[in-house]
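>
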Amino acid sequence: MNPVYLDHNATTPLAPEVLACMMPILKENFGNPSSVHSRGRAARVQLDTAREQTAQLINGHPSEIVFTSGGTESDNLAVFGVAHALKDQGRHIITSAIEHPAVLNPCRQLEAEGFAVDYLPVDATGYLNPEAVREAMRSDTILISIQHSNSEMGRVQDIRQIAEEAKDRGILMHTDAVQSAGKLPLDVETMGIDLLSLSAHKLYGPKGAGALWIRRGTGALVPLVFGGGQEKKRRGGTENVAGIVGLGRAAELAAESLEEEAGRVRLVRDQFLEELKSRVPAVKVHGDPGKGLPNTLSFAVEGVSGQSLLVRLDVEGIAVSTGTACSSGVTQPSETLTALGISEDLIEGTLRMSLGRETTGENMEYVLEVFCGAVEAIRGRVAKI
Ligand SMILES: Cc1ncc(COP(=O)(O)O)c(C=O)c1O
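Using the working numbering, the first residue of the sequence shown is number 2, and each one after it goes up by one.
1) What does the Cβ neighbour count give for N3, buried or exposed, with the cut at 16 atoms within 10 Å?
2) How about the stretch 90–106 and the stretch 218–225: do they share at least three Cβ pairs that are nearer than 8 angstroms?
3) Taking 8 angstroms as the cut-off, is the CB of H175 close to at least one heavy atom of ligand 1?
4) Any beta carbon of chain B sitting closer than 9 angstroms to that of H62?
5) Going along the chain, which residues of its own chain have a beta-carbon closer than 7 angstroms to the beta-carbon of E262, five neighbours each way excluded?
6) Secondary structure at K233, three-state DSSP: helix, strand or coil?
7) List the DSSP bridge partners of T126.
8) According to the neighbour-count rule (16 or more other Cβ atoms, all chains shown, within 10 Å of its Cβ), is V302 buried or exposed?
9) Is it buried or exposed, S258, if we count other Cβ atoms within 10 angstroms and call 16 or more buried?
10) Which word fits A56, buried or exposed, when buried means at least 16 other C-beta atoms lie within 10 angstroms of its C-beta?
11) How many Å lie between L248 and A378 at the Cα?
12) Does the Cβ of G288 have 16 or more other Cβ atoms within 10 Å, making it buried, or fewer, making it exposed?
13) Does V371 come out as helix, strand or coil in the three-state DSSP assignment?
14) Assuming G183 contacts R156 under a Cβ cut-off of 8 angstroms, what Cβ separation, rounded to an integer in Å, is found between them?
15) Would you say H93 touches ligand 1, meaning its beta carbon is less than 8 angstroms from a heavy atom?
16) Can you give the Cα-Cα distance for E166 and R139, rounded to whole angstroms?
17) Starting from K168, trace the beta strand (DSSP E) in both directions and tell me its first and last residue.
18) Shortest alpha-carbon distance to G418 belongs to which of P207, N364, T337 and C22?
19) Check whether the Cβ atoms of A178 and H149 lie closer than 9 angstroms to each other.
20) Between K203, L121 and H175, which has its C-alpha nearest L196's C-alpha?
21) For V368, I'd like the list of residues in its chain whose CB is within less than 8 angstroms of its CB, leaving aside the five on either flank, ordered along the chain.
22) Is M154 helix, strand or coil when you go by DSSP?
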């Protein structure tokens with residue numbers, strides 16, 4: 002059996018079409034887009050094309066795209082950029098308790114600088130009630146940053162409704178769409194937001210390239226990186242041309258097959274889940290897969306360690322992730338799953354499977370067999386101790 006990679010929310014393989022358009026830039030077309038000669042101008046044209054392709058994926062305008070080094074930088078630029086630009090108007094920010102650390106940690110840093118931040122709780126499925134956001138709004142609120150979907154259990158938020166309230170109150174609204182881009186249709190106009198983050202390596206593009214979309218008329222953000230005035234002074238430094246071209250092509254490819262692929266992968270995942278529940282009734286599913294990313298499944302089997310399962314699956318060529326994160330050699334339960342009210346024991350037993358373009362129903366039948374065997378083996382071992 003071929004290896005089965007089920008960790009697409011961590012990163013995706015590079016699409017062959019993406020690699021093909023990056024290679025000539027890495028090999029021959031090495032011009033600096035700021036150079037005036039023909040090599041430089043050729044690189045500039047490549048960036049312009051990538052800007053159009055990236056904007057198109059989210060129905061934005063190319064001039065609204067700022068290329069960055071990835072999702073983390075885009076989130077940092079949105080949060081710090083707005084906070085530092087508007088600090089004289091207000092110092093209150095609203096976010097959720099289940100944001101990615103790329104949003105949570107800038108918010109914590111801003112608290113140290115004297116800003117006030119509300120980390121709103123979510124319900125047991127990971128859903129943030131827009132009403133709670135409305136209630137948290139204050140006269141000094143300058144930014145609301147709520148993720149479009151969650152990387153760990155996939156729950157999608159009601160961004161449109163939150164943005165509507167924000168707009169009524171004149172508050173800027175950012176969404177981290179790093180996990181949704183390429184998996185779900187995204188339209189910045191329909192959503193009514195002001196800023197959106199995305200990352201190339203989550204949509205079959207290269208690592209180290211991403212974008213922050215900033216609605217025209219939003220006003221200048223304070224940059225994170227000062228330099229030679231690139232990206233219209235919004236992000237200094239010579240552009241990562243190959244990475245950006247890869248992002249553009251990846252965005253174009255994703256847009257071509259988005260709805261069919263979302264439907265296909267959802268079906269494969271749901272069939273697997275049905276089978277899984279009938280074979281292992283003790284399975285507890287986190288979030289609400291019907292209202293989440295089509296490719297994501299997070300679940301636990303009580304009394305069976307997620308780490309042990311991961312290792313057994315890995316030996317059989319199956320790559321998944323667990324509900325714990327290792328930081329400085331210490332394993333800690335995920336902040337997101339804790340915020341859903343899931344017990345530490347269940348988090349310990351959590352596995353996340355995130356499917357992708359190359360995942361087939363046949364792959365998942367194999368995964369089911371291996372998984373059921375691993376659960377039985379671990380249970381048998383635990384019973385003997
Ligand atoms: C929701 C979300 N935001 C931001 C990031 C960070 O993106 P990058 O790895 O490109 O820095 C990730 C990566 O896992 C993510 O899942």
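C-beta atoms are modelled at their ideal positions from N, C-alpha and C, and glycine is treated no differently.
Based on what the coordinates show:
1) Sequence index remark: in the sequence shown, residue 3 carries index 2 (1-based). N3 should be labelled exposed.
2) The stretch 90–106 vs the stretch 218–225: no contact.
3) Here the question's residue 175 lines up with position 174 in the sequence shown. Incorrect: H175 has no Cβ contact closer than 8 angstroms to ligand 1.
4) Absent from the structure is chain B; it holds one protein chain and no more.
5) On the sequence shown, position 261 is the one that residue 262 refers to. R358, listed in sequence order.
6) Here residue 233 corresponds to residue number 232 of the sequence shown, with the count starting at 1. Correct three-state label for K233: helix.
7) Within the sequence shown, numbered from 1, the residue matching residue 126 stands at position 125. Beta-bridge pairing links T126 to no other residue.
8) In the sequence shown, residue 302 corresponds to position 301, counting from 1. Only buried fits V302, as 16 or more other CB atoms lie within 10 angstroms of its CB.
9) Within the sequence shown, residue 258 is the residue found at index 257, counting from 1. Classification for S258: exposed.
10) Looking up residue 56 in the sequence shown gives position 55. If you draw a 10 Å sphere on the C-beta of A56, you find 16 or more other C-beta atoms in it, and that means buried.
11) Reading the sequence shown from its first residue, position 247 is the one you call residue 248. Reading the sequence shown from its first residue, position 377 is the one you call residue 378. Each residue's alpha carbon lies about 43 angstroms from the other.
12) Within the sequence shown, the letter at position 287 stands for residue 288. Burial state of G288 is buried, judged by a 10 Å Cβ sphere holding 16 or more other Cβ atoms.
13) For the purposes of this step, residue 371 is identified with residue 370 of the sequence shown, where counting begins at 1. Helix, per DSSP.
14) Within the sequence shown, residue 183 is the residue found at index 182, counting from 1. Within the sequence shown, residue 156 is the residue found at index 155, counting from 1. Actually they do not touch by this definition, with Cβ atoms about 18 angstroms apart.
15) By one-based count along the sequence shown, residue 93 stands at place 92. At a threshold of 8 angstroms, H93 does not count as near ligand 1, since its beta carbon sits no closer than that to any of the ligand's heavy atoms.
16) On the sequence shown, position 165 is the one that residue 166 refers to. On the sequence shown, position 138 is the one that residue 139 refers to. Taking the Cα positions, E166 is about 12 angstroms away from R139.
17) If you number the sequence shown from 1, residue 168 lands on position 167. Bounds of any beta strand (DSSP E) do not take in K168; it lies within the alpha helix (DSSP H) bounded by I160 to D169.
18) With the chain covering 2 to 386 only, the question about residue 418 has no answer from this structure.
19) One-based indexing of the sequence shown puts residue 178 at position 177. One-based indexing of the sequence shown puts residue 149 at position 148. Contact flag set, yes.
20) Start at 1 with the first residue of the sequence shown, and residue 196 comes out as number 195. It is H175 whose Cα lies nearest to the Cα of L196.
21) Here residue 368 refers to the residue found at position 367 when the sequence shown is read from its first residue. So the qualifying residues of the chain are V5, L7, F273, L314, I319 and M354.
22) Reading the sequence shown from its first residue, position 153 is the one you call residue 154. In the structure shown, M154 sits in coil (DSSP, three-state: anything other than H, G, I, E or B).
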